[in-house]
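Protein chains in written order, with the working numbering: chain A, 1 to 112; chain B, 1001 to 1117.
First up is the structure itself, then whatever we jot down about it.
Structure, rendered in structure tokens:
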């Protein structure tokens, strides 16, 4: 059974720092991995999607990497800003399945 | 851009009421999902649908039903609302695997915060 873990559960950094959020999964037979952002009381916004055949994806200050064999993904945020404060969730979609499995999220706070 | 909309952002209902949560997507996606999100429990799948009039139970279907009469609309029904159904409800849609460079990318609506008193 696929399990997705995100560490740390919460993170507080000063503005301008580069930071890394971690996501690990137990079953490497994934089709893709998706990173989301969620603001308090709101829905999930898709940030990046990495197909299983890809190693990384970039969007602006965000870079997501995928190492399927080790069951890990990282989300790198460059030059963090207070507006980046949110909860970040990763989710994996298994081959041969229908469900997306979500991690519990990392709550990020960027101090001005 | 894909757009997923939900009928209400906030809803307050009484115990025993029948509650309808509506979700509409405008990208012709076959797959649609209903989740609930609770502190400490993360996102949990209630029901999903892979085609019109088709539905499958998720991980926590008890106390809920769904309806998908049209491809763009997926409704979640609480037959008799209870206080333990107070939660954030999130709808999502997803294209099929074939022919899309963003296969299986999931898109979420803004959520409905339901309070049952």
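Glycine is no exception: its CB is placed at the ideal position from the N, C-alpha and C atoms.
Remember, it's a predicted structure, so these values are computed and weren't measured experimentally.
Is it buried or exposed for residue i, if we count other Cβ within 10 angstroms and need 16 for buried?
| i | result |
| --- | --- |
| residue 112 (chain A) | exposed |
| residue 1019 (chain B) | buried |
| residue 1092 (chain B) | buried |
| residue 15 (chain A) | exposed |
| residue 1010 (chain B) | exposed |
| residue 1004 (chain B) | buried |
| residue 1049 (chain B) | buried |
| residue 61 (chain A) | exposed |
| residue 1033 (chain B) | buried |
| residue 1031 (chain B) | buried |
| residue 1095 (chain B) | buried |
| residue 1081 (chain B) | buried |
| residue 86 (chain A) | buried |
| residue 109 (chain A) | exposed |
On the three-state DSSP scale, how would you describe residue i?
| i | result |
| --- | --- |
| residue 1015 (chain B) | coil |
| residue 94 (chain A) | strand |
| residue 1028 (chain B) | coil |
| residue 1085 (chain B) | helix |
| residue 83 (chain A) | helix |
| residue 1060 (chain B) | coil |
| residue 1069 (chain B) | strand |
| residue 55 (chain A) | coil |
| residue 10 (chain A) | strand |
| residue 3 (chain A) | coil |
Starting from residue i, find everything on chain A with Cβ-Cβ shorter than 8 Å and list it in chain order.
| i | result |
| --- | --- |
| residue 1078 (chain B) | Chain A residues near residue 1078 (chain B): none, gap ~19 Å exceeds 8 Å. |
| residue 1068 (chain B) | The contacting residues do not exist; residue 1068 (chain B) stays about 15 Å from chain A at best. |
Taking residue i as the query, report the chain A residues whose CB atoms sit under 9 Å from its CB, ordered along the chain.
| i | result |
| --- | --- |
| residue 1149 (chain B) | With chain B represented from 1001 up to 1117, any question about residue 1149 (chain B) goes unanswered, as that position is not in the structure. |
| residue 1114 (chain B) | Per Cβ cutoff of 9 Å: no residues; residue 1114 (chain B) is ~13 Å from chain A at best. |
So with CB distances below 7 Å, who are the chain B contacts of residue i?
| i | result |
| --- | --- |
| residue 124 (chain A) | In the structure as shown, chain A begins at 1 and stops at 112. Residue 124 (chain A) is therefore absent and cannot be evaluated. |
Since residue i meets chain B, which of its residues come closer than 8 Å, beta carbon to beta carbon?
| i | result |
| --- | --- |
| residue 46 (chain A) | 1105, 1106, 1107 and 1108 |
Q. Listed in chain order, which residues of the region 80-111 of chain A have Cβ atoms closer than 9 Å to some Cβ of chain B?
A. 89, 91, 93, 98, 99, 100, 102, 103, 104 and 105
Q. Taking one C-beta from the region 19-31 of chain A and one from the region 61-75 of chain A each time, how about it: are there three or more such pairs within less than 8 Å?
A. yes
Q) Can you find at least 3 beta carbon pairs, one from the region 94-109 of chain A and one from the region 4-12 of chain A, that sit closer than 8 Å? A) yes
Q | Members of the region 1002-1023 of chain B that neighbour chain A once the beta carbon cut-off is set at 7 Å | A | none
Q: With 9 Å as the C-beta to C-beta threshold (strictly closer), list the residues of the region 48-59 of chain A near chain B in chain order.
A: 49 and 51
(Q) Please identify, using Cβ separations under 7 Å, the residues of the region 14-39 of chain A that lie next to chain B, in order along the chain. (A) 31, 32 and 34
Q: Give, in chain order, every residue of the region 1042-1057 of chain B whose Cβ lies closer than 8 Å to some Cβ of chain A.
A: 1042, 1043, 1045, 1048, 1050 and 1056
Q) Counting Cβ pairs, one atom from each stretch, are 3 or more of them under 8 Å apart for the region 49-65 of chain A and the region 1013-1033 of chain B? A) no
Q: Would you check if the region 1103-1110 of chain B and the region 1037-1046 of chain B touch, i.e. whether three or more CB-CB distances between them fall below 8 Å?
A: no
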